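Asker: If you scroll down you'll find the structure; I have some questions about it.
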Amino acid sequence: MNVFRLVGDLSHLLAIIILLLKIWKTRSCAGVSGKSQILFSLVFITRYLDLFTNFISVYNSVMKIIYLVTSLGTVYLMYFKFKATYDSNHDTFRIEFLVVPVGGLSFLVNHDFTPLEILWTFSIYLESVAILPQLFMISKTGEAETITSHYLFALGSYRALYIVNWVYRYYTEGFFDLIAIVAGCVQTILYCDFFYLYITKVLKGKQLKLPA
Amino acid sequence: NVEVKVKDEL
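Residue numbers (my numbering), protein chains in the order written: chain C, 1 to 212; chain U, 213 to 222.
Okay, structure coming up:
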């Protein structure tokens with residue numbers, strides 16, 4: 001474990017908590033893409049199948065459980081409890097256009113052709129594009145609530161910090177996983193224009209409005 | 213590269 005990965009994990013946890021609290025406190029999931037939340041749940045389910053078979057550390061197991069419970073809880077809030085506030089008219093990204101190619105790619109490019117490894121690879125590839133429905137929804141509505149932009153900033157920062165962690169681990173342990181690194185770079189690049197808007201607008205107290 | 217198979221990252 002290194003500080004970059006720890007801060008990255010905490011940033012990821014913060015993002016998930018921010019979103020959960022936003023939906024719970026305002027009792028509304030306006031402006032939030034349920035499709036992205038479904039994809040994130042799928043990412044955690046396919047990645048953490050080894051939760052009970054492969055113990056790494058208490059921290060690792062506890063975080064996996066928290067991610068699984070909170071992401072599924074968010075999907076539950078969005079599609080059941082506060083379904084009336086779910087903005088399905090703007091959450092129209094076709095996630096099959098993500099899941100199918102990612103599924104195919106995980107069969108073609110992986111470290112080991114075993115079910116667990118292919119599912120892990122699937123989850124890594126899927127996570128890199130899972131935010132697209134959310135970014136697409138914001139581009140359609142043309143704006144995002146400030147709390148949602150904080151959520152996105154924390155979520156985007158997590159994988160950016162993981163990239164720093166991979167550089168650090170490469171130089172200190174000689175460890176690197178090309179699949180995770182490439183997917184992590186793609187994932188972080190997708191946030192770039194949002195990061196620019198967040199830093200130039202939201203941090204100056206303005207509303208996040210995408211150029212129409 | 214180091215063939216590290218232990219998935220110790222989240």
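Virtual Cβ for every residue (Gly too), placed ideally from N, Cα, C. These figures come from a predicted structure and were not determined experimentally.
Under a Cβ-count criterion, where at least 16 other Cβ atoms within 10 Å of its own Cβ denotes burial, should residue 203 of chain C be classed as buried or exposed?
Answerer: If you number the first sequence from 1, residue 203 of chain C lands on position 203. Exposed.
Asker: Please name the residue in C/26, C/19, C/33, C/28 whose C-alpha comes closest to that of residue 139 of chain C.
Answerer: Residue numbering aside, residue 139 of chain C sits at position 139 when the first sequence is read from its first letter. For the options C/26, C/19, C/33, C/28, the alpha carbon positioned closest to that of residue 139 of chain C is the one of C/33.
Asker: Alpha carbon to alpha carbon, how far is residue 206 of chain C from residue 51 of chain C? Give it in angstroms, no decimals.
Answerer: For the purposes of this step, residue 51 of chain C is identified with residue 51 of the first sequence, where counting begins at 1. For the purposes of this step, residue 206 of chain C is identified with residue 206 of the first sequence, where counting begins at 1. Taking the straight line joining both Cα atoms gives about 42 Å.
Asker: Count the other CB atoms within 10 Å of the CB of residue 11 of chain C; is the residue buried (16 or more) or exposed (fewer)?
Answerer: Residue numbering aside, residue 11 of chain C sits at position 11 when the first sequence is read from its first letter. By the 10 Å Cβ count, residue 11 of chain C comes out buried.
Asker: Sort C/8, C/136, C/63 by Cα distance to residue 35 of chain C and report the nearest one.
Answerer: Counting from 1 along the first sequence, the entry for residue 35 of chain C is found at position 35. When only C-alpha atoms are compared, the closest one is C/136.
Asker: Between which two residues does the alpha helix (DSSP H) carrying residue 187 of chain C extend?
Answerer: On the first sequence, residue 187 of chain C is found 187 positions in, with the first residue counted as 1. Its alpha helix (DSSP H) spans residues 178-190.
Asker: Check whether the Cβ atoms of residue 23 of chain C and residue 82 of chain C lie closer than 9 Å to each other.
Answerer: If you number the first sequence from 1, residue 23 of chain C lands on position 23. If you number the first sequence from 1, residue 82 of chain C lands on position 82. Cβ atoms of residue 23 of chain C and residue 82 of chain C: closer than 9 Å.
Asker: Distance check for residue 59 of chain C and residue 210 of chain C, CA to CA, integer angstroms please.
Answerer: Against the first sequence, residue 210 of chain C aligns to sequence position 210. Against the first sequence, residue 59 of chain C aligns to sequence position 59. Residue 210 of chain C and residue 59 of chain C: Cα-Cα distance of roughly 38 Å.
Asker: Quick one: is residue 1 of chain C buried, meaning 16 or more other Cβ sit within 10 Å of its Cβ, or exposed?
Answerer: Stepping through the first sequence from its first residue, residue 1 of chain C is reached at position 1. Exposed, since its Cβ has fewer than 16 Cβ neighbours within 10 Å.
Asker: Taking DSSP as the reference, what is the three-state secondary structure of residue 201 of chain C?
Answerer: Counted from its first residue, the first sequence places residue 201 of chain C at position 201. Coil at residue 201 of chain C, not helix or strand.
Asker: Is residue 17 of chain C close to chain U, meaning its C-beta is less than 9 Å from at least one C-beta of that chain?
Answerer: Taking the first residue of the first sequence as 1, we reach residue 17 of chain C at position 17. Not one chain U Cβ lies under 9 Å of residue 17 of chain C.
Asker: Any beta carbon of chain U sitting closer than 9 Å to that of residue 191 of chain C?
Answerer: In the first sequence, counting from the first residue as 1, residue 191 of chain C sits at position 191. Not one chain U Cβ lies under 9 Å of residue 191 of chain C.
Asker: Could you tell me whether the region 13-27 of chain C touches the region 42-51 of chain C, using the rule of 3 or more Cβ pairs below 8 Å?
Answerer: no
Asker: Around the Cβ of residue 174 of chain C, are there at least 16 other Cβ atoms within 10 angstroms (buried) or fewer (exposed)?
Answerer: Numbered from 1 along the first sequence, position 174 holds the residue referred to as residue 174 of chain C. Exposed is the call here.
Asker: By the three-class DSSP mapping on this structure, what secondary structure does residue 49 of chain C have?
Answerer: Here residue 49 of chain C refers to the residue found at position 49 when the first sequence is read from its first residue. Three-state DSSP puts residue 49 of chain C in a helix.
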